[in-house]
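Those protein sequences? They're chains A and B, same order as listed. Each residue of the first sequence is one higher than the last, beginning at 1 in this note's numbering. Each residue of the second sequence is one higher than the last, beginning at 1 in this note's numbering. Just so you know, even glycine gets a beta-carbon here, dropped at the ideal spot from N, CA and C. Let me begin by presenting the structure, written as structure tokens, before commenting on it.
There are 2 protein chains.
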Amino acid sequence: MHTSTEIGSVDLADLRADLPDQMIVTDPDILAGYRQDRAFDPTAGTPLALIRPTTTEHVQTVVRWCAAHRVPIITRGAGTSLSGGSTAVDGAVMLSTEKMREMSIDTATRTAVVQPGLFNAEVKAAAAAHDLWYPPDPSSFEICSIGGNVATNAGGLCCVKYGVTTDYVLGMQVVLADGRAIRLGGKQLKDSAGLSLTKLFVGSEGLLGIITEVTLRLLPPQASACTVVGTFSSVHSASEAVLAITARIRPAMLEFMDKVSINAVEDMLRMGLDRDAGALLVAQSDAPGPAGVAEVEIIREAFESCGAAEVFDTTDAAEGEAFTAARRAAIPAVEKLGSLLLEDVGVPLPALPALIDGVGRIANDNAVMISVIAHAGDGNTHPLIVFDPDDADEHDRAQKAFGQVMDLAISLGGTITGEHGVGRLKKGWLPDQVGPDVMELTAAIKATLDPDGLLNPGVIL
Amino acid sequence: MHTSTEIGSVDLADLRADLPDQMIVTDPDILAGYRQDRAFDPTAGTPLALIRPTTTEHVQTVVRWCAAHRVPIITRGAGTSLSGGSTAVDGAVMLSTEKMREMSIDTATRTAVVQPGLFNAEVKAAAAAHDLWYPPDPSSFEICSIGGNVATNAGGLCCVKYGVTTDYVLGMQVVLADGRAIRLGGKQLKDSAGLSLTKLFVGSEGLLGIITEVTLRLLPPQASACTVVGTFSSVHSASEAVLAITARIRPAMLEFMDKVSINAVEDMLRMGLDRDAGALLVAQSDAPGPAGVAEVEIIREAFESCGAAEVFDTTDAAEGEAFTAARRAAIPAVEKLGSLLLEDVGVPLPALPALIDGVGRIANDNAVMISVIAHAGDGNTHPLIVFDPDDADEHDRAQKAFGQVMDLAISLGGTITGEHGVGRLKKGWLPDQVGPDVMELTAAIKATLDPDGLLNPGVIL
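Laid out in structure tokens, this is it:
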């Protein structure tokens, strides 16, 4: 990697000659906006240049130039990474996919071929226009890029029934570290030809190549859902209700909010949520007809048997969406209370109550506020550690709690990240989760695909 | 790799000392039964020994010994590979997982932890005993191993709606080429921590490591299905009916048989299939209640609008299973007509009629019989090339047709293997499908994980 002094000596002239005018930006004011992502890593570096390609060929040109000049490349989608997956390093090219926005929907194969810069919501909308559905739905779906979703194997609310991003990726085009572009998979629904390289690139967080096009599987539209909302006196009883549901059915959604997040959302949205509730669960069934009625009954029973104070269900789509939107608003709402350290820990479902109780203990022990929201139905939680950035001691306690939450998840047989990726912020805990042999294998594969280590250095490894 | 002369010099004594008595078999009569799999490759070699471990530690012992003595290892599940994925090479250790048969079902996480030697049907049955469902269902499910299913990313009949093996693999234990055992993933439903190594090992056909334990996701039991059967005068009209269905719904099953396979199955099962039909489609809907009724109506309409001579539907499970069993019996039934070269080509769905028509032309051009059966709903077909093994000229024509069918699938944007894997029989066509860069990347990953090339040499690469 270049030091700042060396950076100055890298001449962009030949790269400018090979790319359309204005594709390369070096204006420091603009660059400043690309240094950090939504993890707001204070150690972010200053990039050499921002490059916004529109085609795979442009990406190849950039990668070849960077390889020749040994300049690192940070690939960035919409910059919504919560784990520092697209944080700049000094002297790097910041390759933004934001202008790669082509898309085509093929109704006959039920697939979408998309460039990485489109927002998840744009892919969903384009599919919906053809009466099709792209399920994965990160809470940030309106502002996160599909390329970032693929790079992190992103999840969302419907994953409890419909799976995560990798389950929808049939193929892709990738630019390798030496500038070659390869095609993997395609529109066929089944393909056992050779190693599962498509799946290896999903979730690779920019370490192995730059994804320039993705072929996504689409489904027929989701059936209309019934939404069931329950309020509980404690996070513990709500987490028990989650298990009572998942032991019997696979709901289409099963989301969790604690008291802090309920109140933060209510402050923001004024929708009449019960500010006194200790926890809120929002569940959905999209099973059609009598099966759906039976599922709603099972959800209601589970809520009631675990002591829900109030249970409410609705088949009104707008009303259901209001509660779903409330849950999706939780991170931005809690963000208004202070700076956040955002967790993404997941555990095997039976350990969910232990995880949620343990997070409460960690908050007490460190005297910090931790709000817990969760995709509870798949055991994936987002403890949000709130701290005052100007209070150095609280910041230290928050950092300590951040590590302890991951330690707890690992001790419960879980993962430090269910859907956001490791990025820079969590890499210190990855070896504890996967062990030294898996770390070595990871490094070996990285070295095979990117021997000079120029692709997203500092992420995962 | 050792030549036969060298093999004689490899002394198994120290390996015998490290493994339980009788775990190593060198009786030539027994070894002979392990040389080939169901692809019956005549070039199969003679193994040095058959080893049947029961634990991961045994596998580690074997792998370390083989690494030290540079002896290749062919991993074999139940030996049902149709592409030569577990064919012996001279001087290799044949590592059979047939005695690795431990399994536990965890109803709370809805997962099964299984050793690789269990049959797919045994995993299904164990799940069903807990009112759970393991969906992937290769036609050979009663005789194929779950380890082989994972190694080939096997498919089956329900995949059109429920996905393939990789969609159900949450984690695994793998013994690497140097004998280290690693754990990947686990019982958590979502996990974005590090590279997607679990998914890389799925479908790796024994090239990257030896899978000794798998954690599988289970679903709630499938709802009862309605089966719709239609007979058509031609394979072309049946393939058009497939598209008319998949354009509107995602059926739970959509299977295809041609005249040759219908008659072969009828010869074997005597169940009253229409011997004059040019093609038969068997579809299922498992959508509950009115949604299922609507799907059955759509299937019936598609059959009728594409000229079905007869359409029949039933909600009787036994009757539905009889037709499904007929389809599953097609390969063994057609096998009675002669030796088989078995294809597994898949195409994006709209190309299905072109593929099926083209296979008919290839049969004519080469004057060989090709029976086509298909998991039609996902575009995955099994053209079965029937030939007399004692007729050298016909054998040559069959071989020529074998390649032409794969060439055709590639030209239609498809794959040479949808679910069986490349094995030894199809590797000559893999570069045409994926191109030289992907082949180079595949070889590089293989070399990283198995630098001495001892794991399943000759498969894929």
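Checklist line | Continuous alpha helix (DSSP H) stretch holding A/Gly292: start and end | finding: Gly289 to Ser305
Notebook entry, point to check: At a Cβ cut of 8 Å, what residues of the stretch 56–75 of chain A count as close to chain B, listed as they run along the chain?
Noted result: none
Check: Applying the criterion that 16 or more other CB atoms from any shown protein chain within 10 Å of the CB defines a buried residue, is A/Ser96 buried or exposed?
Finding: buried
Checklist line | is_contact[A/Ile249, chain B] using C-beta, thresh 8 Å | finding: yes
Margin query: Taking 8 Å as the threshold (C-beta atoms), are B/Val25 and B/Ala44 in contact?
Written below: no
Next item on the list: Out of B/Ile30, B/Val169, B/Arg38 and B/Leu269, point me to the one whose CA is closest to B/Ala112's CA.
Entry: B/Val169
Next item on the list: Please name the residue, chosen from A/Ala125, A/Ser196, A/Ala13 and A/Gly379, that lies closest to A/Thr166 on a Cα-to-Cα basis.
Entry: A/Ser196
Check: Does the Cβ of B/Thr107 have 16 or more other Cβ atoms within 10 Å, making it buried, or fewer, making it exposed?
Finding: exposed
Notebook entry, point to check: Alpha carbon to alpha carbon, what distance is there between A/Ile146 and A/Glu465?
Noted result: Past the boundaries of the shown model lies residue 465 of chain A; chain A is included only from 1 to 461, so the question cannot be answered.
Item checked: Inside the stretch 125–151 of chain B only - beta strand (DSSP E) runs reaching at least 3 residues -> none
Notebook entry, point to check: Can you tell me whether DSSP reads B/Ser261 as helix, strand or coil?
Noted result: helix
Next item on the list: Quick one: residues in its chain with C-beta nearer than 7 Å to the C-beta of B/Gly307, no 5 flanking neighbours on either side, listed in chain order?
Entry: Phe232, Ser233 and Ser237
Item checked: chain B contacts made by the stretch 184–197 of chain A, where a contact means CB separation under 9 Å -> Leu184, Gly185, Gly186, Lys187, Gln188, Leu189, Lys190, Asp191, Ser192, Ala193, Gly194, Leu195, Ser196 and Leu197
Note to self: Against chain A, which members of the stretch 408–433 of chain B pass a CB distance test of less than 7 Å?
What the structure shows: Gly413, Gly414, Thr415, Ile416, Thr417, Gly418, Glu419, His420, Gly421, Val422, Leu430 and Gln433
Note to self: Quick check on DSSP: helix, strand or coil for A/Phe283?
What the structure shows: With the sequence shown as reference, residue 283 of chain A is identified as Ala, and Phe is not the correct amino acid for it. Strand at A/Ala283.
Checklist line | Residues from the stretch 364–390 of chain A in contact with chain B, defined by Cβ distance under 7 Å | finding: Asp378, Gly379 and Asn380
Checklist line | Contact check, B/Gln468 vs A/Gly203, beta carbons under 8 Å | finding: Examination of residue 468 of chain B is not possible in this model, given that chain B is present from 1 through 461 alone.
Notebook entry, point to check: My guess is that B/Ala225 and B/Gly320 are in contact by the Cβ rule of under 8 Å, so how many angstroms apart are they, rounded?
Noted result: 6 Å
Notebook entry, point to check: Grouping DSSP H, G and I as helix and E and B as strand, with all else coil, what is B/Ala39?
Noted result: coil
Checklist line | Contact between the stretch 112–131 of chain B and the stretch 435–454 of chain B (3+ Cβ pairs under 8 Å) | finding: no
Check: Apart from the five residues on each side of it in sequence, which residues of its chain come closer than 6 Å, Cβ to Cβ, to B/Lys400?
Finding: Asn366
Notebook entry, point to check: When the Cα of B/Met302 is compared with those of B/Leu352, B/Ala318 and B/Ser239, which residue comes out closest?
Noted result: Residue identity differs from the one stated: residue 302 of chain B is Ala in this sequence, not Met. Here the closest residue by C-alpha is B/Ser239.
Next item on the list: Quick one: grab the DSSP three-state call for A/Asn456.
Entry: coil
Notebook entry, point to check: For the stretch 149–160 of chain B, which residues have a CB atom closer than 7 Å to at least one CB atom of chain A, in sequence order?
Noted result: Thr152, Asn153, Gly155 and Cys159
Check: Of all Cβ atoms in chain A, is any one closer than 8 Å to the Cβ of B/Ser204?
Finding: yes
Check: In its own chain, which residues sit with a C-beta less than 7 Å from the C-beta of A/Glu266, not counting the 5 before and 5 after it?
Finding: Leu273 and Arg275
Item checked: Own chain partners of A/Asp178 with C-beta closer than 8 Å, once the 5 adjacent residues on each side are dropped -> Val63, Arg64 and Ala67
Margin query: Strictly by DSSP, which residues pair up with B/Gly346?
Written below: B/Asn380 and B/Thr415
Checklist line | Minimum length 4: unbroken alpha helix (DSSP H) runs contained in the stretch 183–263 of chain B | finding: 197–201 and 235–246
Next item on the list: Output the distance between the C-alpha atoms of B/Leu465 and B/Gly194, rounded to the nearest integer angstrom.
Entry: The structure shown has nothing for residue 465 of chain B, since chain B only spans 1 to 461.
Notebook entry, point to check: My guess is that B/Val282 and B/Glu255 are in contact by the Cβ rule of under 8 Å, so how many angstroms apart are they, rounded?
Noted result: 5 Å
Note to self: 8 Å is my cut-off, CB to CB: does B/Val359 come that close to chain A?
What the structure shows: no
Check: For A/Met271, is the classification buried or exposed, using 16 other Cβ atoms within 10 angstroms of its Cβ as the cut-off for buried?
Finding: exposed
Next item on the list: Could you tell me which residues DSSP puts in a beta bridge with A/Ile373?
Entry: A/Met257 and A/His382
Notebook entry, point to check: Buried or exposed: where does B/Pro72 fall if 16 or more other Cβ atoms within 10 Å of its Cβ makes it buried?
Noted result: buried
Check: Does A/Gly179 have its Cβ less than 8 Å from a Cβ in chain B?
Finding: no
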